[in-house]
Amino acid sequence: MQLTALLVAMLSGLSALSGVALGHILSAKRARQDELASMRMAAYADFVRSTSLLVTARRLGNTEDEIEELARLNDAKTRVLLSADASVLKSLERFWLQGGTLEKEQEILAFRNMCDAMRVSLGKERISLQMDLAGVLFKLQPSTYSYKVHRGDG
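8 is the number of the first residue of the sequence shown in the numbering used here; add one for each residue after it.
Pasting the structure below:
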């Protein structure tokens with residue numbers, strides 16, 4: 008009887024220790040996944056922001072590269088390379104090898120595909136092909152922008 012009680016106590020202790028250890032392992036794994044997701048999101052946002060700044064400057068006629076802008080772009084690109092899924096890396100490679108300037112249709116399509124791959128890697132659904140993502144991404148002003156209102160004429 009005493010042996011049974013001792014065995015039950017030992018099994019209870021082992022179960023409790025196993026539960027605590029398993030909880031710690033799963034919690035640490037979840038924290039690493041959350042940190043990676045946060046790093047990935049920041050890298051994606053910084054890459055898209057840097058690309059957008061350079062493209063907007065080009066479309067407005069500024070052809071001189073600013074060292075700081077290129078450094079930010081390359082920093083973001085490196086962080087994407089370190090944290091992204093393989094599908095995002097393949098899309099980034101395609102975009103970059105197409106030219107990376109968003110001046111030609113194939114570059115715009117490659118960028119669109121890269122943005123879609125980024126969404127999927129963050130747990131979002133793919134964007135419908137019917138959606139005018141290129142129009143949303145690459146128009147400099149929204150469709151309701153009024154030059155008259157901007158100048159004070161209207």
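Glycine included, each C-beta is placed from N, C-alpha and C at the ideal position. For clarity, every value in this text was computed on a predicted model and none was experimentally measured.
From which residue to which residue does the alpha helix (DSSP H) around residue i run?
i: residue 70; result: It is not in any alpha helix (DSSP H) - residue 70 carries neither H nor E in the DSSP assignment.
i: residue 85; result: 74 to 90
i: residue 115; result: 112 to 128
Using a threshold of 8 angstroms, state whether the C-beta atoms of residue i and residue j are closer than that.
i: residue 83; j: residue 102; result: no
i: residue 129; j: residue 46; result: no
i: residue 79; j: residue 98; result: no
i: residue 114; j: residue 106; result: yes
To the nearest angstrom, how far is the alpha carbon of residue i from that of residue j?
i: residue 41; j: residue 28; result: 20 angstroms
i: residue 10; j: residue 50; result: 59 angstroms
i: residue 20; j: residue 132; result: 45 angstroms
i: residue 117; j: residue 31; result: 42 angstroms
Does the count of Cβ pairs from the stretch 81 to 100 and the stretch 60 to 67 closer than 8 angstroms reach three? no
Do the stretch 65 to 77 and the stretch 17 to 30 touch if we need at least three Cβ pairs shorter than 8 angstroms? no
Does the stretch 88 to 102 come close enough to the stretch 124 to 132 to have 3 or more Cβ pairs within less than 8 angstroms? yes
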